[in-house]
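**Student:** Residue numbers (this note's numbering): 12 to 278. I'd like to ask some things about the structure below.
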Amino acid sequence: MPRKRKHAPKWLEAARQGGRPGETTFDWISRALARAGVIPLRDAEAAVQAGRVQVAGRTVTAPISLVRPGDEVRVDGKVVSIAATTRCLMFHKPAGIVTAGSDPEGIGTVFEALGRVLPPELARYGWHAIGRLDRDTTGLLLFTNDEKLVAHATLPERHLPKRYVAQVQGTPTDEKLDPLRRGVMLQDGLARPARAEIRADCRVELTITEGRNHQVKRMLSAVKLPVVQLHREAVGGVVLDVPEGAFRELSAEEIEAGLGFTPRTIP
Numbered sequence: 012m013p014r015k016r017k018h019a020p021k022w023l024e025a026a027r028q029g030g031r032p033g034e035t036t037f038d039w040i041s042r043a044l045a046r047a048g049v050i051p052l053r054d055a056e057a058a059v060q061a062g063r064v065q066v067a068g069r070t071v072t073a074p075i076s077l078v079r080p081g082d083e084v085r086v087d088g089k090v091v092s093i094a095a096t097t098r099c100l101m102f103h104k105p106a107g108i109v110t111a112g113s114d115p116e117g118i119g120t121v122f123e124a125l126g127r128v129l130p131p132e133l134a135r136y137g138w139h140a141i142g143r144l145d146r147d148t149t150g151l152l153l154f155t156n157d158e159k160l161v162a163h164a165t166l167p168e169r170h171l172p173k174r175y176v177a178q179v180q181g182t183p184t185d186e187k188l189d190p191l192r193r194g195v196m197l198q199d200g201l202a203r204p205a206r207a208e209i210r211a212d213c214r215v216e217l218t219i220t221e222g223r224n225h226q227v228k229r230m231l232s233a234v235k236l237p238v239v240q241l242h243r244e245a246v247g248g249v250v251l252d253v254p255e256g257a258f259r260e261l262s263a264e265e266i267e268a269g270l271g272f273t274p275r276t277i278p
């Protein structure tokens, strides 16, 4: 049976559809505060629910209350700006932690790991992971404060390339990798042709343009090269260049050239 696809979160669906929160017409107050780096999302939601936030002179208590460009926003009586610009971080994910808001096994999440290394001026933002990596997969994971960038980079039609290096069981050969280059059949349908190259020490470099669950592992398993370790080196033209557990912020030029997204100003 084909795997059932998980639904995208509502904020991501809204960003993909346009004309919803994140556009210049209106936004949700909690997300606007987090996107602008005023206060992290969970703290923003709590502040709103506690009646500490006013929009256009009116106290709001629902985190999805609407705010429009030009509305005066106050937190604890102090005027704050919800104007924001697109920001993006690269993070070198260690093995063992999950790309989720919580970890039922208690080992940890990428958001917790990132939060431990962010300076205060960046810790105030609400960061969204751009895509996912499995718990045991290491390497490049991107974060942004801009839901539109998440939608842009994860939309299947974008075909944004992602480069992985896998240590595999067995000896990779061109004969074994050829089906991946042509497009191999998986349980949930035909995978798009991938770039597959042999590296030394039983390693395979695989570049895919899709984002299905466990796709790299399933593709290599389909050609009898089960994955032992998996590492992501690049997303689009952005190549990982920081040590494990570390981060750095991408420049506007890197966002545009590497991800094909023009950073924007959100009033």
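Glycine included, each C-beta is placed from N, C-alpha and C at the ideal position.
For glycine 119 and glutamate 255, I'd like the C-alpha separation in whole angstroms.
**Tutor:** Locating residue 119 in the sequence shown gives position 108, counting from the first residue. Locating residue 255 in the sequence shown gives position 244, counting from the first residue. Cα to Cα, the separation comes out at about 15 Å.
**Student:** Beta-carbon separation of isoleucine 75 and valine 84 under 7 Å?
**Tutor:** Taking the sequence shown and counting its residues from 1, the one referred to as residue 75 is at position 64. Taking the sequence shown and counting its residues from 1, the one referred to as residue 84 is at position 73. Result no, Cβ atoms of isoleucine 75 and valine 84 do not sit closer than 7 Å.
**Student:** Work out the CA separation of glycine 81 and glycine 62 for me, nearest whole Å.
**Tutor:** Here residue 62 refers to the residue found at position 51 when the sequence shown is read from its first residue. Here residue 81 refers to the residue found at position 70 when the sequence shown is read from its first residue. Cα to Cα, the separation comes out at about 21 Å.
**Student:** Bridge partners for aspartate 38 per DSSP, in chain order?
**Tutor:** By one-based count along the sequence shown, residue 38 stands at place 27. According to DSSP, which records beta bridges pairwise, aspartate 38 is partnered with Val78.
**Student:** According to DSSP, is glycine 269 part of a helix, a strand, or is it coil?
**Tutor:** One-based indexing of the sequence shown puts residue 269 at position 258. In the structure shown, glycine 269 sits in a helix (DSSP, three-state: H, G or I).
**Student:** Going by beta carbon distance, what residues of the same chain come within less than 8 Å of alanine 2, once the five residues before and after it are set aside?
**Tutor:** There is simply no residue 2 to check, as the chain begins at 12 and stops at 278 in what is shown.
**Student:** Please classify glycine 126: does DSSP put it in a helix, a strand, or coil?
**Tutor:** By one-based count along the sequence shown, residue 126 stands at place 115. Glycine 126: helix per DSSP, three-state reduction.
**Student:** CA-CA distance, arginine 275 and threonine 97?
**Tutor:** For the purposes of this step, residue 275 is taken as the residue at position 264 of the sequence shown. For the purposes of this step, residue 97 is taken as the residue at position 86 of the sequence shown. In a straight line, the C-alpha of arginine 275 is about 6 Å away from that of threonine 97.
**Student:** In chain order, what residues of the same chain have a beta carbon less than 6 Å from the beta carbon of phenylalanine 37, not counting five sequence neighbours either side?
**Tutor:** Locating residue 37 in the sequence shown gives position 26, where the first residue counts as 1. Once the five neighbours on either side are set aside, the close Cβ partners of phenylalanine 37 are Leu77, Arg79.
**Student:** I'd like the ranges of any alpha helix (DSSP H) spanning at least 4 consecutive residues and lying wholly in the region 208-250.
**Tutor:** Runs of the alpha helix (DSSP H) inside the region 208-250: 226-233.
**Student:** For valine 64, which of helix, strand or coil comes out of DSSP?
**Tutor:** Counting from 1 along the sequence shown, the entry for residue 64 is found at position 53. The answer is strand: DSSP assigns valine 64 an E or B state.
**Student:** Nearest CA to the CA of threonine 184: which residue from Val250, Ile209, Gln198, Arg174?
**Tutor:** The count along the sequence shown starts at 1 and reaches residue 184 at position 173. Nearest C-alpha to threonine 184: Ile209.
**Student:** Shorter than 7 Å from the beta carbon of lysine 235 to some beta carbon of chain C?
**Tutor:** In the structure shown, chain C does not exist; there is a single protein chain.
**Student:** Where leucine 160 and glutamate 168 are concerned, what is the direct C-alpha to C-alpha distance, given to the nearest angstrom?
**Tutor:** By one-based count along the sequence shown, residue 160 stands at place 149. By one-based count along the sequence shown, residue 168 stands at place 157. Spanning the two alpha carbons is a distance of roughly 14 Å.
**Student:** Pull up the distance between the alpha-carbon of leucine 201 and that of histidine 225, whole angstroms please.
**Tutor:** Residue 201 sits at position 190 when you count from the first residue of the sequence shown. Residue 225 sits at position 214 when you count from the first residue of the sequence shown. Those two C-alpha atoms are separated by around 14 Å.
**Student:** Can you grab the Cα-Cα spacing for the pair glycine 137 / lysine 187, in whole Å?
**Tutor:** Numbered from its first residue, the sequence shown carries residue 137 at position 126. Numbered from its first residue, the sequence shown carries residue 187 at position 176. Spanning the two alpha carbons is a distance of roughly 43 Å.
**Student:** Could you pull the start and end residues of the alpha helix (DSSP H) that threonine 165 belongs to?
**Tutor:** As a working mapping, residue 165 is identified with position 154 in the sequence shown. Counting along the chain, the alpha helix (DSSP H) containing threonine 165 begins and ends at 158-165.
**Student:** Label glutamate 132 either buried or exposed according to how many other C-beta atoms from any shown protein chain fall within 10 Å of its C-beta, with 16 as the threshold for buried.
**Tutor:** For the purposes of this step, residue 132 is taken as the residue at position 121 of the sequence shown. Glutamate 132 comes out exposed.
**Student:** Alpha carbons only, please: which of Tyr175, His139, Asp54 is nearest the one belonging to methionine 222?
**Tutor:** By 1-based counting over the sequence shown, the position of residue 222 is 211. Correcting the residue identity first, residue 222 is glycine in this sequence and not methionine. If we check each option's Cα against that of glycine 222, Tyr175 comes out closest.
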